[in-house]
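Some notes on the structure that comes next.
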Ligand SMILES: Cc1cc2nc3c(=O)[nH]c(=O)nc-3n(C[C@H](O)[C@H](O)[C@H](O)COP(=O)(O)OP(=O)(O)OC[C@H]3O[C@@H](n4cnc5c(N)ncnc54)[C@H](O)[C@@H]3O)c2cc1C
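In the numbering used here, the protein residues as written are 98 to 582.
So, in structure tokens, the structure goes:
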């Protein structure tokens, strides 16, 4: 086998490879793409090593929290891209869309019975993390979970970082060693390894959807939430690459100064694609750095944790890298190291303490989850943000912060606010249910932040934000006109 970064491999069980197996199975659950994908690369390495064809199975469960037309459509669009890419290279690719709850149970075990090795994606959050833990243990053949989530492998540190500054400083010292290990841009080979795998008749009988053409799929068939509608932008690796190119051509040059302006479309819009694994952060990194003809020698010697200057490139590229690498991977670090990453108890002690001390303070307004969901508060700006989230599936970062702070202020308790934020964000945001979702939501409650003064009712020492200040600082008239209802 050729060299592969060892920190990116996590054994799923203690079984050996089944040398009599018929194929290598890549169970694609998080890195839903055929380019820049360490898992696919590893599966192909096994194919070459054991001289067995590769079978890629990309499943879509209908039985996870907040499953809806919105996410099904987005994933389905990606599946079509992946099916086309594999067809071109004569790799056997099957999408499996679970038709009813529980129908997919046992499929992976059944496919693994005839597999020599199973490779799957390592992912630290949401139901996927639990499902992977359960499923991989049960397999009778060797299974590897591969981390293709970010530039810094999750397992390359034992430490869980509680401040972005510390993590940035750590990355400045430790990331360079991993920048030489990029995944292959095009791992799919010339067709020598390809070919169709003959599936067991009993598999096709019990899970007939595995042989079903994607063109015949209609969202109405699935027992998912049909009230959360598909979004106006297309999912999938092709759309993701288009989104990246438009950002590089049209907006990156003003990113550092414009990204905080809610009225401008100034950020990349890549988070939904990153979330579903339709695009790789390695690929984004590569495109950014090619553009400025960067080489690793440009990295600054000093590792002070400063937000800008370390990469040795222009301020816009530095600013984007700080979000894409420091902030994004901080969330993966948290979720991979703490099982309670989605619970109140994971907040820093100072934040828990101050929120508890102010838990009984009188709320100026009090709403329950349904009123928030229906955008029925007294605050036109808040309602507009909620409407945008519910209808379009995306919201600007600054407005997301305000959205969360007001939920904290107008909910019965901080724990209730947490529950409501998680529910609404994950129900509507295309990029929800991600390590970043928990970073953002918990940031509202003090994670990755510091204590602020003066101490206020409800918030205590937690950073405060208000719609009035937002309206003073930024132009919101156009936004209110669009989403004001
Ligand atoms: C209450 C709240 C909820 C949030 N929920 C989510 C969520 O569900 N999913 C999600 O991906 N992000 C979430 N964020 C973080 C942030 O708002 C989004 O990542 C960002 O708006 C995505 O837009 P973009 O892709 O255009 O970002 P860009 O500015 O173009 O940044 C590029 C990439 O860097 C990463 N990034 C950018 N900002 C942040 C940040 N503040 N924290 C972590 N990573 C960041 C994202 O992967 C993003 O795609 C949340 C923030 C808050 C305050």
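In this text, a Cβ means the ideal position worked out from N, Cα and C, and glycines have one as well.
Relative to the alpha-carbon of residue i, which residue among the options has its alpha-carbon at the smallest distance?
i           : options            : result
residue 126 : 155, 500, 410, 437 : 155
residue 167 : 525, 269, 279, 561 : 525
residue 557 : 432, 543, 568      : 543
residue 404 : 539, 177, 429, 268 : 268
residue 122 : 322, 99, 212, 182  : 212
residue 319 : 139, 270, 369, 170 : 170
residue 178 : 129, 141, 430, 114 : 129
residue 329 : 214, 442, 487      : 487
residue 452 : 463, 539, 534      : 539
residue 506 : 214, 554, 424, 304 : 554
residue 314 : 391, 201, 196      : 196
residue 199 : 165, 324, 294, 157 : 157
residue 446 : 249, 559, 138      : 559
residue 465 : 143, 509, 277      : 509
residue 351 : 411, 180, 209, 161 : 411
residue 311 : 251, 190, 504, 99  : 190
residue 275 : 283, 250, 256, 284 : 250
residue 115 : 570, 239, 566      : 239
residue 368 : 527, 413, 271      : 527
Between which two residues does the beta strand (DSSP E) carrying residue i extend?
i           : result
residue 242 : 239 to 243
residue 121 : 120 to 124
residue 154 : 151 to 157
residue 207 : Per DSSP, residue 207 belongs to no beta strand (DSSP E); it is in the alpha helix (DSSP H), 204 to 210.
residue 107 : 106 to 108
Straight-line CA distance for residue i to residue j?
i           : j           : result
residue 409 : residue 222 : 33 Å
residue 184 : residue 519 : 38 Å
residue 579 : residue 481 : 8 Å
residue 550 : residue 188 : 59 Å
residue 131 : residue 337 : 13 Å
residue 427 : residue 298 : 45 Å
residue 247 : residue 582 : 39 Å
residue 174 : residue 194 : 13 Å
residue 472 : residue 382 : 37 Å
residue 226 : residue 436 : 10 Å
residue 573 : residue 228 : 42 Å
residue 415 : residue 342 : 18 Å
residue 333 : residue 375 : 5 Å
residue 531 : residue 372 : 6 Å
residue 254 : residue 546 : 22 Å
What span of residues does the alpha helix (DSSP H) with residue i cover, start to end?
i           : result
residue 482 : 477 to 489
residue 578 : 574 to 580
residue 444 : Careful: residue 444 lies outside any alpha helix (DSSP H) and carries neither H nor E.
residue 194 : Here residue 194 belongs to no alpha helix (DSSP H); instead the beta strand (DSSP E) covers 189 to 194.
residue 183 : 166 to 185
residue 500 : 494 to 506
residue 370 : 368 to 372
I'd like to know if the stretch 491 to 500 and the stretch 355 to 374 are in contact, where contact means that at least 3 CB-CB pairs between them fall below 8 Å. yes
Specify whether the stretch 259 to 273 and the stretch 144 to 161 touch according to this definition: at least 3 beta carbon pairs, one from each stretch, less than 8 Å apart. no
With three or more C-beta pairs closer than 8 Å as the rule, is the stretch 105 to 120 touching the stretch 218 to 235? yes
Can you confirm whether the stretch 360 to 379 touches the stretch 394 to 401 when touching is taken to mean that 3 or more C-beta pairs between the two stretches lie within less than 8 Å? no
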